[in-house]
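**Q** The numbering of the sequence shown is numbering that gives the first Met the number 0, which starts it at 0 and goes up by one.
Please see the structure below; I have some questions.
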Amino acid sequence: MIDVLIVEDDPMVAKFNSIYLESIPGFRITGLARNVEESRTLLQSSPVDLILLDVYMKEATGIDLLKELRKSGNSVDVILITAANDKNSVQQALRLGAVDYLIKPFTFERFQNALLQYKKQFQLMSDGEEINQAEIDELFQVDNKIDSASFVLPKGLAKTTLSRISKQIITWQGVSFSAAELAVSIGVSSVSTRKYLNYLAEQKLIETDIAYQETGRPLTNYLLTPDKIPLLQSLLIT
0 MIDVLIVEDD PMVAKFNSIY LESIPGFRIT GLARNVEESR TLLQSSPVDL
50 ILLDVYMKEA TGIDLLKELR KSGNSVDVIL ITAANDKNSV QQALRLGAVD
100 YLIKPFTFER FQNALLQYKK QFQLMSDGEE INQAEIDELF QVDNKIDSAS
150 FVLPKGLAKT TLSRISKQII TWQGVSFSAA ELAVSIGVSS VSTRKYLNYL
200 AEQKLIETDI AYQETGRPLT NYLLTPDKIP LLQSLLIT
């Protein structure tokens, strides 16, 4: 279970946040605080995994509490739930490590999404010692796919040819190759192949390495690294 402290000076808002929270499996409320002082007392007696924190309260603000926690070395996760919609508050919250920021009034769906995303993060970081790139991308909600249907290429480049080139490059993952080698493999002219490779390199989908020779022009080799494979796969036309 994920233990949660709600810090909110409005009793009605605190009640609704509690009802929302208890409707989501995996969370339980360990305390309700009306101000920063009460939250300090509750945190000392019962450490929690997550704080749902308001900003505007009498005397000290939620941002003040967040600064205090970080200064003391407390890395407890915090989601801001507040009417504070000024950029300064948002920026401070992000810099102090808030995992999300909900502006009142918000929908239950937005609240639920914030908690479910946090739950995913909490479980992922609690399971084992290592984490892979796909899990990190999911954690940070990074979309590593390109919509090939709406993908617009520069004039003179075709999606079908790009797909053929991408398919061949994927089979050579981790092995450097030249434009000439790729051209022979897929049956496309070297000039045309080089245009596609330059485009992929500009989009940072493949890496380039220039080898200077004693005579003649420098030789450019290309390389596909494992982390770019999903991106190139999304360009394939099936």
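Each residue gets a CB set at the ideal place from its N, CA and C atoms; glycine is no exception.
Predicted model only: the values in this text are computed from it and were never measured.
Label Y18 either buried or exposed according to how many other C-beta atoms from any shown protein chain fall within 10 Å of its C-beta, with 16 as the threshold for buried.
**A** Counting from 1 along the sequence shown, the entry for residue 18 is found at position 19. According to the sequence shown, residue 18 is Ile rather than Tyr. Looking at its Cβ environment, which holds fewer than 16 other Cβ atoms inside 10 Å, I18 is exposed.
**Q** Measure the beta-carbon distance from L4 to V47 and round it to whole angstroms, keeping in mind my assumption that it falls under 8 Å.
**A** In the sequence shown, the residue the question calls residue 4 occupies position 5. In the sequence shown, the residue the question calls residue 47 occupies position 48. So it is a contact: roughly 5 Å between Cβ atoms.
**Q** If the criterion is Cβ atoms closer than 8 Å, does the pair K57 and T81 meet it?
**A** The count along the sequence shown starts at 1 and reaches residue 57 at position 58. The count along the sequence shown starts at 1 and reaches residue 81 at position 82. Contact: no.
**Q** DSSP three-state call for D63: helix, strand or coil?
**A** Translated into the one-based positions of the sequence shown, residue 63 becomes position 64. Three-state DSSP puts D63 in a helix.
**Q** To which residues of the same chain is N34 closer than 8 Å at the C-beta, ignoring the five residues directly before and after it?
**A** The residue labelled residue 34 in the question sits at position 35 within the sequence shown. Counting only Cβ-Cβ distances below 8 Å, and skipping sequence neighbours, we find V6, D8, M56, K57, E58 and A59.
**Q** Does the segment 156-171 come into contact with the segment 118-136, if we say contact requires no fewer than three beta-carbon pairs (one atom in each stretch) closer than 8 Å?
**A** No contact exists between the segment 156-171 and the segment 118-136.
**Q** Using a Cβ-Cβ cut-off of 6 Å (strictly less than) and excluding sequence neighbours within five positions of A97, which residues of its own chain qualify?
**A** Taking the sequence shown and counting its residues from 1, the one referred to as residue 97 is at position 98. Hits under 6 Å: V77 and L79.
**Q** Pull up the distance between the alpha-carbon of R216 and that of S177, whole angstroms please.
**A** As a position in the sequence shown, residue 216 is number 217, starting the count at 1. As a position in the sequence shown, residue 177 is number 178, starting the count at 1. Each residue's alpha carbon lies about 13 Å from the other.
**Q** Looking at L231: is its Cβ nearer than 8 Å to the Cβ of I185?
**A** For the purposes of this step, residue 231 is identified with residue 232 of the sequence shown, where counting begins at 1. For the purposes of this step, residue 185 is identified with residue 186 of the sequence shown, where counting begins at 1. Against a cut-off of 8 Å, the Cβ pair of I185 and L231 comes out as no contact.
**Q** Is I1 buried or exposed, if buried means 16 or more other CB atoms sit within 10 Å of its CB?
**A** Taking the first residue of the sequence shown as position 1, residue 1 is located at position 2. Looking at its Cβ environment, which holds 16 or more other Cβ atoms inside 10 Å, I1 is buried.
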